[in-house]
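Below you'll find the structure, written out as structure tokens, and then a few comments.
In the UniProt record's numbering, the protein residues as written are 1 to 521.
Okay, structure coming up:
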């Protein structure tokens, strides 16, 4: 059995073997943000290669996600912004100078070859996982290429372009009255909180470094507005938080959240930049400490979507997400790493687990307990489990039954058909979707919240467009080599998905909070 939390945490039911669906596309590791940029999609390929060589793929269904379409991404993002992402290329930047500034594309969020396809793959896996959960065809869905929590409705931010998390939550809201979002990245989950700031149908919880640190949001007093008041929970942390301190706050806060909110589904963003030794992070969590959050949320037996996020010491990101895949499966894996395509990256110890550093923990017990009690007080103001008016369920982004029929009819005798044809979709018209008008005005940033009705893009503390990439950031030769190896197609053989996929189908651009009010059971 994977790492367990002590029974004293309470509030959870016993564990049992769960069906796990895992989304991965071999192309994702080929994308390259550029020389000197700390974001390395190659880390996802490294994690997948460890998953393969530990044999974890045998215990779960492995799917290649569809590429999210323009229409799917426009469910949250503005049409103009998605059109820009689709059109802009490294060789035509001069034609888009005005839009680059408007959409915050530049140093933190550069234009690179295949940018739009990268966004499609990231979003496609998260949406597909949400649909699989909605259909009750799995208990846990995993997309380590997702979790890009900083992207806004019409703006890139913090290495993120398309907010796959918001898109997945909107999908979950078609079947679930309430969805809980939990973020354990070192950076505040500002894009997701902002999207659902004015609705009670999504409760967002973020544990993050706060202060002079990107993105500058996530104050303890940022609790939502309007119908969403008390439905944003922020736990600001200081440098050096370790496993014991993190568990001291995570388990009791999440137990209270689950008690008061009782969500139908849970989305957990597992950003690995909260690990010790991360190149952009400042926490001191081990892989085991980070994974205890996955183990804890798993025990509530709710449909669970696990997503990636930050993480810039890529060998540790691969370790973390591999171990958390094992935790999701309830499988023990040895600390000795199996031989894999990137074995030399894990020198000199070639172990799965990492030791904490000797950095100081600036989070005193008094500080943590004070913040915890203030959050409990906020939760006590929350009405128990808000109800939602019943409506017809909108159609899924993908029609599994139709694609199963098509795939069976066109199947090659030499190719195994996954059951039921995994995450394929068919085109449908925009008017098939049941998204009502209304909600906060789109594109309205830095809105005065004194009336309790912030617009989409609200940033409650007025911080706007900070940079995640630190001034003077330089990259080691080793990290640059590892990042560039992806661009050259290294490791392309590390693929184990049993399927092919077709893209999909459309809808209307809305604010997420407004859409949340109208996607119901």
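Quick reminder that beta carbons are idealized off the backbone N, C-alpha and C, glycines included. Fair warning: this is a prediction, and the values are worked out from it, not measured in the lab.
- For residue 133, the enclosing alpha helix (DSSP H) covers residues 115–134.
- Assigned with DSSP and collapsed to three states, residue 208 falls in strand.
- For residue 164, the enclosing alpha helix (DSSP H) stretches over residues 164–172.
- DSSP, read as helix, strand or coil, puts residue 234 in strand.
- A distance below 7 Å between beta-carbons, with the five flanking residues on each side excluded, links residue 47 to the following residues of its chain, in chain order: 144, 317, 318, 321 and 322.
- Rounded to the nearest whole angstrom, the C-alpha separation of residue 332 and residue 92 is 49 Å.
- Linking residue 81 to residue 512 through their CA atoms gives a straight-line distance of about 15 Å.
- Annotation: the continuous alpha helix (DSSP H) that includes residue 379 extends over 365–380.
- Taking a C-beta distance under 8 Å as the contact criterion, residue 170 and residue 201 do not qualify as a contact pair.
- Taking a C-beta distance under 8 Å as the contact criterion, residue 150 and residue 191 qualify as a contact pair.
- Counting along the chain, no beta strand (DSSP E) covers residue 32, and no H or E run does either.
- The DSSP-derived three-state label of residue 293 is helix.
- For residue 142, the three-state secondary structure derived from DSSP is strand.
- Secondary structure at residue 183: strand, using DSSP grouped into helix, strand and coil.
- Judged by DSSP in its simplified three-state form, residue 75 adopts coil rather than helix or strand.
- Residue burial annotation: residue 272 is buried, with at least 16 other C-beta atoms found within 10 angstroms of its C-beta.
- DSSP places residue 270 outside both helix and strand once states are collapsed to three, so it counts as coil.
- Going by beta carbons, residue 208 and residue 186 fall inside the 8 Å limit.
- Residue pairing by DSSP places residue 265 opposite 179 in a beta bridge.
- For residue 227, DSSP records no beta bridge to any residue.
- If you ignore the 5 residues before and after residue 378, its C-beta comes within less than 8 Å of the C-beta of 223, 230 and 233, all in its own chain and listed in chain order.
- Residue environment analysis places residue 340 among the buried positions, since at least 16 neighbouring C-beta atoms fall within 10 angstroms of its C-beta.
- Taking 8 Å as the cut-off, the beta carbon of residue 236 is found closer than this to the beta carbon of residue 371.
- Here the alpha carbons of residue 160 and residue 343 stand approximately 29 Å from one another.
- Look at the beta carbons and you see the region 254–272 touching the region 304–312: at least three pairs across the two are nearer than 8 Å.
- A residue is called buried once 16 or more other Cβ atoms fall within 10 Å of its Cβ, and residue 348, having fewer, is exposed.
- Membership of residue 52 in the alpha helix (DSSP H) is indicated by the continuous run 42–53.
- Between residue 286 and residue 355, the gap from beta carbon to beta carbon is short of 8 Å.
- It is roughly 18 Å from the alpha-carbon of residue 228 to the alpha-carbon of residue 374.
- Residue 105 and residue 183 have their C-alpha atoms some 24 Å from each other.
- Setting aside the 5 residues that flank it on each side, residue 141 is surrounded in the same chain by 21, 129, 132, 133 and 305, each with a C-beta closer than 6 Å to its C-beta; the list follows chain order.
- For residue 312, there is no enclosing beta strand (DSSP E), since its DSSP letter is neither H nor E.
- In chain order, 3, 243, 323 and 353 place their CB closer than 8 Å to the CB of residue 288, counting only its own chain and leaving out the 5 sequence neighbours on each side.
- Straight across, the Cα-Cα distance linking residue 44 with residue 147 is about 12 Å.
- Bounds of the beta strand (DSSP E) holding residue 20 are 20–23.
- Annotation: the continuous alpha helix (DSSP H) that includes residue 194 extends over 190–195.
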